[in-house]
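Peer 1: Pasting a structure here, questions to come.
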Amino acid sequence: MGETLRAIPDFDVIADCGRIDSSSPALPVVREADAVIFVVRPSLQDIVGLRGRLETLDLPSTTRAGIVVVKEGPHCVEDVAAAFTLPVVGTLEWDPRAASAINDGRRQLRPSNLIRTAEALAASLLSQLNDQDPLFRVSTGPEAALDPCAAGSPH
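In the numbering used here, the protein residues as written are 107 to 261.
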């Protein structure tokens with residue numbers, strides 16, 4: 107399926123591949139991707155889970171990869187960034203009401219924090235992907251445990 111999607115001319119394909127790991131049926135799509143974005147909540151369980159999954163992936167060295175942090179959890183974005191060698195390329199606001207409406211196909215009458223940050227994230231990712239920075243390799247950072255951010259720091 108990855109090769110089929112790559113062969114579509116003049117289209118960018120965005121695929122939500124879920125919690126990808128070395129046995130995922132979506133792995134061929136990820137392996138054919140020019141860029142892969144991993145989304146994680148800033149909790150120790152989610153960070154450790156993503157690190158474990160990243161260690162099992164065998165992505166091409168030319169695949170650009172980064173992490174998007176959902177801003178809801180006990181750790182700040184800086185803590186997440188310190189846990190990985192992949193760059194944090196953006197954040198999304200936590201907005202369960204808007205996420206539920208999107209998931210159910212319901213239209214929201216008022217703009218949500220989720221939609222506003224998703225739009226800004228999409229523009230930022232497009233800019234980053236069009237940039238000629240060196241390609242990022244998929245790997246994890248040091249094994250150090252995370253400490254919670256100090257009170258008042260951004261999440």
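Each residue gets a CB set at the ideal place from its N, CA and C atoms; glycine is no exception. Model, not experiment: these values are computed from the prediction.
So the candidates are G158, C123, R216; which of them puts its Cα closest to the Cα of A132?
Peer 2: Indexing the sequence shown from 1 puts residue 132 at position 26. When only C-alpha atoms are compared, the closest one is C123.
Peer 1: Buried or exposed for D185, please, with buried defined as at least 16 other CB atoms from any protein chain shown within 10 angstroms of its CB.
Peer 2: Reading the sequence shown from its first residue, position 79 is the one you call residue 185. Buried: at least 16 other Cβ atoms inside 10 Å.
Peer 1: If we count the other Cβ atoms within 10 Å of its Cβ and call it buried at 16 or more, is A113 buried or exposed?
Peer 2: For the purposes of this step, residue 113 is taken as residue 7 along the sequence shown, with counting starting at 1. With fewer than 16 Cβ atoms within 10 Å of its Cβ, A113 is classed as exposed.
Peer 1: Taking all protein chains shown into account, do 16 or more other C-beta atoms lie within 10 angstroms of the C-beta of C171, making it buried, or fewer, making it exposed?
Peer 2: Position 65 of the sequence shown, counted from the start, is the residue given in the question as residue 171. In the sequence as presented, Cys is not what sits at residue 171; that position holds Ala. Buried, because 16 or more other Cβ atoms sit within 10 Å of the Cβ of A171.
Peer 1: Just to confirm my understanding: we take T92, look at its own chain, exclude 5 residues before and 5 after, and list those with CB closer than 8 Å. What are they?
Peer 2: Residue 92 is absent from the structure shown; the chain starts at 107 and stops at 261.
Peer 1: In this structure, does DSSP put I120 in helix, strand or coil?
Peer 2: For the purposes of this step, residue 120 is identified with residue 14 of the sequence shown, where counting begins at 1. Three-state result, I120: coil.
Peer 1: Which residue's Cα is closest to the Cα of I153: S230, S130, I208, G179?
Peer 2: Your numbering for residue 153 matches position 47 in the sequence shown. Comparing Cα-Cα distances from I153 to each of S230, S130, I208, G179, the minimum goes to G179.
Peer 1: Over the uninterrupted alpha helix (DSSP H) stretch that includes A188, give me the two end residues.
Peer 2: Here residue 188 refers to the residue found at position 82 of the sequence shown. 183–189 is the extent of the alpha helix (DSSP H) around A188.
Peer 1: What is the DSSP secondary structure of R170, reduced to helix, strand or coil?
Peer 2: For the purposes of this step, residue 170 is taken as the residue at position 64 of the sequence shown. Strand, per DSSP.
Peer 1: According to DSSP, simplified to helix, strand and coil, what is A141?
Peer 2: Residue numbering aside, residue 141 sits at position 35 when the sequence shown is read from its first letter. If DSSP states are grouped into helix, strand and coil, A141 belongs with the strands.
Peer 1: Identify whether L198 lies in helix, strand or coil by the three-state DSSP scheme.
Peer 2: Taking the sequence shown and counting its residues from 1, one reaches residue 198 at position 92. Correct three-state label for L198: strand.
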